[in-house]
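What follows is a short report on a single structure.
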Amino acid sequence: MITQLVQQLGGGAVAEAQVITADPLDLIWRMEQVLDAANPWAPNPPPAGPARVALFNDGAFSGVPMPSQPAWDHLIYAYAIENTRAAQILARVVRAFRGGEGLGIPSVATQRWLDTTETLLFGAHNPVAAWLSTSGVRPDAEAVRRNAYYRMFGMDLAHGTDANAPYPYDKAEASNRTFVALLEELLYELWRAIENVRNLVAGNTTDDDRIYRLAEQLGFMLRSRRQNALLSREELAATTAMGWVELTLGSNTPLVVDLRAQATSAADRLRVIGERVGMPPHSRANSFFAMAQELSLVLRALEAGWVTDSGRAWLLYQSTTPPTVPPLPPGAVPLGTEVRRVITEWAAASGRNLKERPTPVQVVAAPRPLTKR
99 MITQLVQQLG GGAVAEAQVI TADPLDLIWR MEQVLDAANP WAPNPPPAGP ARVALFNDGA
159 FSGVPMPSQP AWDHLIYAYA IENTRAAQIL ARVVRAFRGG EGLGIPSVAT QRWLDTTETL
219 LFGAHNPVAA WLSTSGVRPD AEAVRRNAYY RMFGMDLAHG TDANAPYPYD KAEASNRTFV
279 ALLEELLYEL WRAIENVRNL VAGNTTDDDR IYRLAEQLGF MLRSRRQNAL LSREELAATT
339 AMGWVELTLG SNTPLVVDLR AQATSAADRL RVIGERVGMP PHSRANSFFA MAQELSLVLR
399 ALEAGWVTDS GRAWLLYQST TPPTVPPLPP GAVPLGTEVR RVITEWAAAS GRNLKERPTP
459 VQVVAAPRPL TKR
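In structure tokens, the structure reads:
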């Protein structure tokens with residue numbers, strides 16, 4: 099939601115400053131407005147009472163146009179950003195600034211940042227806490243996010259607790275444990291296709307049918323965790339929190355300046371801040387930052403079922419639309435550039451060569467609904 103809000107405000111440094119210095123309550127109202135507009139409870143949404151609508155209208159961002167739905171990133175975006183260990187590093191920053199002056203005297207802008215960070219990331223009490231995915235039953239926001247990552251992707255974060263112990267969280271019995279293997283095989287097939295985009299003669303090894311079957315299986319797998327809008331609120335809370343992290347580190351914001359961590363990339367800023375608080379980030383943090391947005395776009399496309407047959411496999415490896423194509427699903431655009439970035443950065447982050455065939459994964463057709471004869 100943070101990235102989308104910056105874009106809807108016009109993008110650039112002015113829009114980023116407008117969001118990074120916003121009152122936390124205004125961001126909460128925007129989150130509720132975004133979730134309400136997405137209407138994940140359709141066709142039986144809860145009634146939008148006049149009091150709630152009035153609160154939305156009071157927010158500083160109430161008049162900002164709503165982007166296309168869903169107006170937030172895919173959960174994989176939050177996983178990629180959090181895997182850098184940025185959230186835990188910033189937790190130490192908050193603790194140090196709130197508990198003393200060891201990091202110096204924070205500027206007024208940084209004090210506003212502290213208020214919002216404690217609200218969005220660490221569950222500080224506020225007048226409307228209903229949007230939060232935490233409660234007395236599950237009070238740890240990071241544990242809630244880890245549970246969602248494991249259910250959706252069968253993956254845990256690369257780091258443990260602040261003390262480097264295994265992180266305690268509930269691991270659901272139902273999870274997409276074969277997600278990584280399927281995704282990496284799809285990326286391998288897409289790399290072969292990208293290599294052959296301009297190859298119009300013999301030797302073209304592009305397998306559109308294999309790409310379609312893998313995309314279909316991944317889409318079915320992701321949608322299986324979405325039944326009855328499951329994980330929608332958790333996804334919105336996670337991606338908003340990690341969007342705030344990326345916005346914080348994406349430029350020389352007031353916090354970065356106060357910590358004397360100015361640099362030319364989010365990963366370098368995080369590294370310097372980590373040195374200040376005694377916690378190193380992930381060694382491949384740059385790759386996770388670099389592919390987070392592209393991963394989100396690719397998984398949204400897979401989940402939305404853009405590739406409905408082998409004739410539409412090109413959407414995942416072409417960078418431009420061919421001259422003659424059949425009608426495309428709403429919102430569908432070529433993702434070849436994004437996929438190329440994901441292949442490069444996923445290989446760098448994981449240490450696995452996606453340009454060589456992985457161990458093949460059995461692909462089964464997604465179940466079809468029964469029809470009456």
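Residue numbers are given in our numbering: position 142 of the sequence shown equals residue 240, and the series is strictly consecutive.
Using N, Cα and C, we set each Cβ at its ideal position, and we do this for glycine too.
When you compare the CB positions of residue i and residue j, do they come within less than 7 Å of one another, or not?
i, j, result
"glycine 200", "alanine 207", "no"
"leucine 219", "alanine 339", "yes"
"alanine 158", "aspartate 134", "no"
"glycine 258", "proline 264", "yes"
"arginine 374", "leucine 353", "no"
"isoleucine 179", "valine 343", "yes"
"alanine 313", "phenylalanine 386", "no"
"alanine 256", "histidine 380", "yes"
"glycine 301", "threonine 101", "no"
"threonine 232", "glycine 221", "yes"
Would DSSP call residue i helix, strand or coil?
i, result
"alanine 272", "coil"
"alanine 228", "Legend: pLDDT at alanine 228 = 44, less than 50; position of this residue unreliable, value from coordinates given subsequently. If DSSP states are grouped into helix, strand and coil, alanine 228 belongs with coil."
"tyrosine 310", "helix"
"leucine 413", "helix"
"glycine 403", "coil"
"leucine 468", "Here the model assigns leucine 468 a pLDDT of 44, short of 50, so the residue's position is not dependable and the matter cannot be decided."
"aspartate 305", "coil"
"tyrosine 267", "coil"
"threonine 101", "helix"
"valine 423", "coil"
"leucine 393", "helix"
"isoleucine 187", "helix"
"glutamine 209", "helix"
"asparagine 181", "coil"
"asparagine 262", "coil"
"glutamate 216", "helix"
"serine 363", "coil"
"valine 370", "helix"
"serine 381", "coil"
"glycine 197", "helix"
"serine 408", "helix"
"alanine 256", "coil"
"alanine 176", "helix"
"glycine 429", "coil"
"arginine 472", "Since the displayed the chain opens at 99 and closes at 471, residue 472 lies outside it and no answer follows."
"alanine 169", "coil"
Given residue i, which residues of its chain have a CB within under 8 Å of its CB, disregarding the five upstream and five downstream residues?
i, result
"tryptophan 139", "Ala327"
"leucine 288", "Ile309, Leu414, Tyr415, Val437, Ile441"
"asparagine 274", "Arg249, Met250, Phe251, Gly252, Met319, Leu320, Ser322, Arg323"
"aspartate 260", "Gln186, Ala189, Arg190, Met377"
"glycine 108", "none"
"alanine 239", "Leu219, Phe220, Gly221, Leu230, Ser231, Thr232, Ala335, Ala339"
Excluding the 5 residues flanking residue i on each side, which residues of the same chain have their C-beta closer than 7 Å to its C-beta?
i, result
"leucine 452", "Glu282, Leu285, Tyr286, Trp289, Ile441, Trp444, Ala445"
"leucine 433", "Leu395, Val396, Ala399, Leu413, Leu414"
"proline 168", "Ala136"
"alanine 383", "Thr182, Ala365, Leu368"
"aspartate 336", "Looking at the sequence shown, residue 336 is not aspartate but alanine. Excluding residues within five positions, the ones whose Cβ falls inside 7 Å are Leu173, Ala176, Arg243, Ala246."
"aspartate 407", "Tyr310"
"aspartate 307", "Ser408"
"glutamine 106", "Val162, Pro163, Pro165"
"tryptophan 404", "Arg410, Leu413, Pro427, Ala430"
"arginine 455", "Tyr286"
"asparagine 294", "Asn302, Thr303, Thr304"
"alanine 228", "Caution is warranted here: a pLDDT of 44 is assigned to alanine 228, below 50, making its placement in the model unreliable, and the coordinate value is therefore given only provisionally. Hits under 7 Å: none found."
"threonine 419", "Pro432"
Could you give the C-beta distance for residue i and residue j, rounded to a whole number, given that I count them as a contact under 8 Å?
i, j, result
"phenylalanine 251", "tyrosine 175", "The pair is not a contact, with the Cβ atoms about 12 Å apart (cut-off 8 Å)."
"threonine 351", "isoleucine 187", "Threonine 351 to isoleucine 187, Cβ: 15 Å. No contact."
"leucine 345", "glutamate 114", "6 Å"
"glutamine 131", "serine 160", "7 Å"
Tell me which residues share the same chain as residue i and place their Cβ nearer than 6 Å to its Cβ, disregarding the 5 neighbours each side in the sequence.
i, result
"glutamate 392", "Glu436, Arg439, Val440"
"tryptophan 170", "Met99, Leu334, Thr337"
"serine 330", "Pro138"
"arginine 236", "Val242"
"lysine 269", "Tyr248"
"alanine 390", "Tyr175, Ala178, Ile179"
"alanine 361", "Arg367"
In chain order, each alpha helix (DSSP H) run of at least 4 residues that lies wholly inside the region 431-462 = Within the region 431-462, the complete alpha helix (DSSP H) runs of at least 4 residues fall at 434-448.
Continuous alpha helix (DSSP H) assignments of at least 4 residues falling wholly in the region 323-356 = Runs of the alpha helix (DSSP H) inside the region 323-356: 330-347, 352-356.
If you scan the region 272-297 from start to end, which runs of the alpha helix (DSSP H) of 4 or more residues do you find wholly inside it?
-> Taken in chain order, the complete alpha helix (DSSP H) segments of 4 or more residues contained in the region 272-297 are 277-293.
May I have a chain-ordered list of the alpha helix (DSSP H) segments no shorter than 4 residues that lie completely inside the region 103-167?
-> For the region 103-167, whole alpha helix (DSSP H) runs of length 4 or above, ordered along the chain, are 110-118, 122-136, 148-156.
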